[in-house]
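Position in the sequence shown (first residue = 1) + 46 = this note's numbering.
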Amino acid sequence: MTPMSPRRGAPLAALAALFVLTACGGGGGGSSPPPPPPPPAPTPTLTVTADSPSASPDGAPVALHATVTPSTAVPAWTLDGPGSLSASNGSDVKYVPPTGEAAVDGGTATVTIAAAGLASQTLTIAVAAAAPEPGRHWSTMHEAGVRWQGVANDGSLYVAYGDRGHISTSTDGQAWTTRDTGENDTLTAAVRGAHGWLAIGQNHALLRSDDGLVWTSLARQAGAWPAGATTLVAGNGTYVSAGRYGSAVSSDGAVWSSTDRSVLSAAFGNGVFVGLDTSDHLLHSTDGAHWLDGDGSMATVDSYTPHGIAFANGKFVATGNTGTLTSTDGVAWTTHAGPMMQDLYATQDAFFTVCASPLWGDDLCDSGDGVLWDHHSPINTIDPFAGLAGDGHTWVRASNYGSLEWNPRSSDQWSTAVPGTIGNLTAIDDVAGRTVAVSSVGWAISSVDGQSWTRAYMSPFSATPHSAFYPMALAHRDSVLVAAGMLTNGSNPVAGQMTVSTDGGQSWTIATNEAAPVRAVIDDGHRFVAVGDGGQVYASADGTAWTTLATVSGAPSLTAIAHGAGVYVAMGLQGALATSPDGLSWTPVTPTSDDAAIDFIAVLFDGHQFVRIGTAILTDGRHLTDGVVQTSTDGATWTTQSRPVPVALGLAFHDGEYVLLNGESNTNGSLYSSRDLQTWTRRVDTTLASAMSRDGQDLLAVAFVNGQFVAVGANEMILSSSH
Numbered sequence: 047m048t049p050m051s052p053r054r055g056a057p058l059a060a061l062a063a064l065f066v067l068t069a070c071g072g073g074g075g076g077s078s079p080p081p082p083p084p085p086p087a088p089t090p091t092l093t094v095t096a097d098s099p100s101a102s103p104d105g106a107p108v109a110l111h112a113t114v115t116p117s118t119a120v121p122a123w124t125l126d127g128p129g130s131l132s133a134s135n136g137s138d139v140k141y142v143p144p145t146g147e148a149a150v151d152g153g154t155a156t157v158t159i160a161a162a163g164l165a166s167q168t169l170t171i172a173v174a175a176a177a178p179e180p181g182r183h184w185s186t187m188h189e190a191g192v193r194w195q196g197v198a199n200d201g202s203l204y205v206a207y208g209d210r211g212h213i214s215t216s217t218d219g220q221a222w223t224t225r226d227t228g229e230n231d232t233l234t235a236a237v238r239g240a241h242g243w244l245a246i247g248q249n250h251a252l253l254r255s256d257d258g259l260v261w262t263s264l265a266r267q268a269g270a271w272p273a274g275a276t277t278l279v280a281g282n283g284t285y286v287s288a289g290r291y292g293s294a295v296s297s298d299g300a301v302w303s304s305t306d307r308s309v310l311s312a313a314f315g316n317g318v319f320v321g322l323d324t325s326d327h328l329l330h331s332t333d334g335a336h337w338l339d340g341d342g343s344m345a346t347v348d349s350y351t352p353h354g355i356a357f358a359n360g361k362f363v364a365t366g367n368t369g370t371l372t373s374t375d376g377v378a379w380t381t382h383a384g385p386m387m388q389d390l391y392a393t394q395d396a397f398f399t400v401c402a403s404p405l406w407g408d409d410l411c412d413s414g415d416g417v418l419w420d421h422h423s424p425i426n427t428i429d430p431f432a433g434l435a436g437d438g439h440t441w442v443r444a445s446n447y448g449s450l451e452w453n454p455r456s457s458d459q460w461s462t463a464v465p466g467t468i469g470n471l472t473a474i475d476d477v478a479g480r481t482v483a484v485s486s487v488g489w490a491i492s493s494v495d496g497q498s499w500t501r502a503y504m505s506p507f508s509a510t511p512h513s514a515f516y517p518m519a520l521a522h523r524d525s526v527l528v529a530a531g532m533l534t535n536g537s538n539p540v541a542g543q544m545t546v547s548t549d550g551g552q553s554w555t556i557a558t559n560e561a562a563p564v565r566a567v568i569d570d571g572h573r574f575v576a577v578g579d580g581g582q583v584y585a586s587a588d589g590t591a592w593t594t595l596a597t598v599s600g601a602p603s604l605t606a607i608a609h610g611a612g613v614y615v616a617m618g619l620q621g622a623l624a625t626s627p628d629g630l631s632w633t634p635v636t637p638t639s640d641d642a643a644i645d646f647i648a649v650l651f652d653g654h655q656f657v658r659i660g661t662a663i664l665t666d667g668r669h670l671t672d673g674v675v676q677t678s679t680d681g682a683t684w685t686t687q688s689r690p691v692p693v694a695l696g697l698a699f700h701d702g703e704y705v706l707l708n709g710e711s712n713t714n715g716s717l718y719s720s721r722d723l724q725t726w727t728r729r730v731d732t733t734l735a736s737a738m739s740r741d742g743q744d745l746l747a748v749a750f751v752n753g754q755f756v757a758v759g760a761n762e763m764i765l766s767s768s769h
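Quick look at the structure:
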């Protein structure tokens, strides 16, 4: 074998060596250490700050800052509480404090800040209470009493029902318990039938109870029967509601349908319903849905036009203009001559009605047969009668002013079980450290603290028999308080009167009796000046001794008076206007044609100008929905500033704030305020609107007394505003 040449083998050896080195990772005698791990990423953080921990209503905004590091996440902001935020996203946001009106009592604003992937954070800002702004925020100073609409009895339980969903019950007519209904409608009727107790309201409220103690609201059925139903009767497994706007029938009290005839009032007995329609026809029905005429003769006897209908002692009785009608079946009726009688009520064994007294006024009369009637105690004309019910032991009567009285069926004397109010408050003032309010039936209430009130009758020895004092205005100087008003017989004004108190309304004496109503009074620091019907003006140095001054010609009735800048101004119906330099001698001012169509109700001097309010009138005397606000610097020339409300009824002023009372009935007496007489804002909130939810006009007057605005109205209602 020939040996390999060294030259030819060298390249192969080098190649092998290279292969070995490559496979082993190169030279250097071993491997390199792994590189160190990267440092951990920083944890994102959310930092929140505020430039101030507090804010004031209407004050400067508070700057808020949020920082997220290290991240590009955008903070999101939300707010719980008063005020607002300038933005909902971003690093820099401003908290905007609320207005003073929105934060009367202050509060806490809680701001929540969130960013993606991070826990949210919160910060709080204390919001201070707003500075007092009287006239803007109102609260109840004196709770209005219940206005009862009637009382019912099922033989074992009395149920009294009234406004704002009020129901009270009693087993004996003496001890009463208020029941919670959760309703705010005025309840107008109640009865017990096959499905338990049922109560209805003037705005379609429906309440049901198994025992008369626990009441449940049923679904309203606005189309089932018209509003204003005032009668509810039960029989033959059926309920029937009736009123001046129509009638309806129900088998269970929950589902209702209209009757085939419109029934005004109804009663049930002897297995039949008997009703009275709007044309004074007497009807009868066995199912409450389908009604038939009676014998028809009564519809042609005008003198017996029926007013009310009831059942007791096995017979129906209907009261009329000149007597009563009786029937056992609702078909055949017998007439009985007698005095005119009004609404009719029935207990288990007797009929009751309000009848004319042989002396004066009205009596409560009762009868066992509907033919022979006995006169009992006179009806208290200053405490309107609302209804009567009874069982075999007791009679109970209810009043519109909240009283419940009982009688053991043995005398004319009625005992008070639940006291009522003094009626509708018409004016308020402060004197001798006491707040004094007066009512439309001649009573006054006074208080030192606004919590505890003392009553006093204002006209104890009226010069006009059988009349009640209706005060319409108050004015005071030092400890002397004068009330101006009129004497009324029923609802008719018969004369004028002024009474005076020197002890803060706790006792009163008659100062003067006048021929015509006195509607307004002021004190200028030296004398009292009053005005009234017929353009009469009266003056007194001490509030007790009065002088009748010359009559302002062309003034059918002066209703308001004010004094300022050396000028006296009096005004009234049909634009009547007069001015005086001293309150003694007066010069009539001919109103413009526009002003002659306005009844002016109130006027005041605000330190710079006179401000008056009124309501435009139609040629037939009915008010239009057009209240007006006017101003004057001299009392003679007036400029219209605004027409803010339908019916302007009252006006007050303090520290740049005007408060106006809107007297339109369907608003329940709304309160408005303004600082420029141009822009007016309604101020009664939902709470007070609920408190005032009842028939008609609730608020009757407004004034600034004892450092706050005060509005007064129905059933001793008093509202106050110090903010």
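All residues carry an ideal CB built from backbone N, CA and C; glycine is no exception.
| Check | Outcome |
| --- | --- |
| R658 and A587 look like a contact to me (Cβ under 8 Å); what is the Cβ gap, rounded to whole Å? | So it is not a contact: roughly 27 Å between Cβ atoms. |
| Quick one: is N708 buried, meaning 16 or more other Cβ sit within 10 Å of its Cβ, or exposed? | buried |
| Residue range of the beta strand (DSSP E) that N559 falls in? | 555–560 |
| What are the boundary residues of the beta strand (DSSP E) that includes N470? | Segment: none, N470 is in no beta strand (DSSP E) and carries neither H nor E. |
| Hey, which unbroken runs of the beta strand (DSSP E) at 3 residues or more fall wholly within the region 667–726? | 669–678, 685–688, 694–700, 703–708, 716–720 |
| What did DSSP end up calling D323 once you bin it into helix, strand or coil? | strand |
| Determine whether the beta carbon atoms of A101 and V108 lie at a separation below 7 Å. | yes |
| Report the start-end ranges of each beta strand (DSSP E) in the region 368–427 that is 3 residues or longer and not cut off at the edges. | 369–373, 380–383, 387–392, 397–402, 408–413, 420–424 |
| Closer than 7 Å by C-beta to D339: which residues in its own chain qualify, once you throw out the five before and the five after it? Chain order, please. | H327, L329 |
| Roughly how many angstroms lie between the CA atoms of G488 and L434, to the nearest whole one? | 25 Å |
| Roughly how many angstroms lie between the CA atoms of A300 and Y285, to the nearest whole one? | 10 Å |
| Please go through the region 427–508 and give each complete beta strand (DSSP E) segment of 3 or more residues, from N-terminal end onward. | 431–436, 441–445, 450–453, 461–464, 471–477, 480–485, 489–493, 500–503 |
| What runs of the beta strand (DSSP E), each 3 residues or longer, lie entirely inside the region 242–295? | 242–247, 252–255, 277–281, 284–289 |
| Does any C-beta atom of chain B lie closer than 7 Å to the C-beta of V295? | As a matter of chain content, chain B is missing from the structure shown, which is built from one protein chain. |
| I need the boundaries of the beta strand (DSSP E) containing N359, first residue and last residue. | Taken as a continuous stretch (DSSP letters only), N359 belongs to no beta strand (DSSP E), as it is neither H nor E. |
| So, helix, strand or coil for N761, using DSSP? | helix |
| Alpha carbons only, please: which of P116, I171, A119 is nearest the one belonging to Y141? | I171 |
| Would you say A112 and I159 are within 7 Å of each other, going by their C-beta atoms? | yes |
| Kindly indicate which three-state DSSP category A521 falls into: helix, strand or coil? | strand |
| So the beta strand (DSSP E) G753 belongs to, where does it begin and stop? | Taken as a continuous stretch (DSSP letters only), G753 belongs to no beta strand (DSSP E), as it is neither H nor E. |
| Over the uninterrupted beta strand (DSSP E) stretch that includes V657, give me the two end residues. | 656–663 |
| Measuring straight from C-alpha to C-alpha, what distance separates G496 and N446? | 24 Å |
| Starting from the Cα of G550, find the closest Cα among T593, S492, P563, L717 and give me that residue. | S492 |
| Report the rounded CA-to-CA distance for G479 versus A519, giving the unit in angstroms. | 19 Å |
| How close, in whole Å, do the beta carbons of A275 and A288 come, if the pair is a contact with beta carbons under 8 Å? | 6 Å |
| Could you give the distance in angstroms between the alpha-carbon of V477 and the alpha-carbon of L471? | 17 Å |
| Please classify P88 as buried or exposed, where buried requires at least 16 other C-beta atoms within 10 Å of its C-beta. | exposed |
| Which residues bound the beta strand (DSSP E) around A94? | For clarity, residue 94 is Val in the given sequence; the question names Ala instead. Per DSSP, V94 belongs to the beta strand (DSSP E) from 91–96. |
| With DSSP run on the structure shown, which of helix, strand or coil describes D209? | helix |
| What does the alpha-carbon distance come out to for the pair W419 and A402? | 12 Å |
| Could you have a look at L630 and say whether DSSP puts it in helix, strand or coil? | coil |
| So the candidates are A356, V309, T277, S293; which of them puts its Cα closest to the Cα of G315? | A356 |
| Check the DSSP bridge columns for A530 and list the partner residues they point to. | A519, M544 |
| Going by DSSP, name the residue or residues bridged to L619. | BP columns for L619 are empty, so no partner. |
| Let me make sure I understand the geometry here. Which of R238, A245, V237, G219 has the alpha-carbon closest to that of N230? | A245 |
| Considering D333, what are the terminal residues of the beta strand (DSSP E) in which it resides? | From DSSP, D333 is part of no beta strand (DSSP E); its letter is neither H nor E. |
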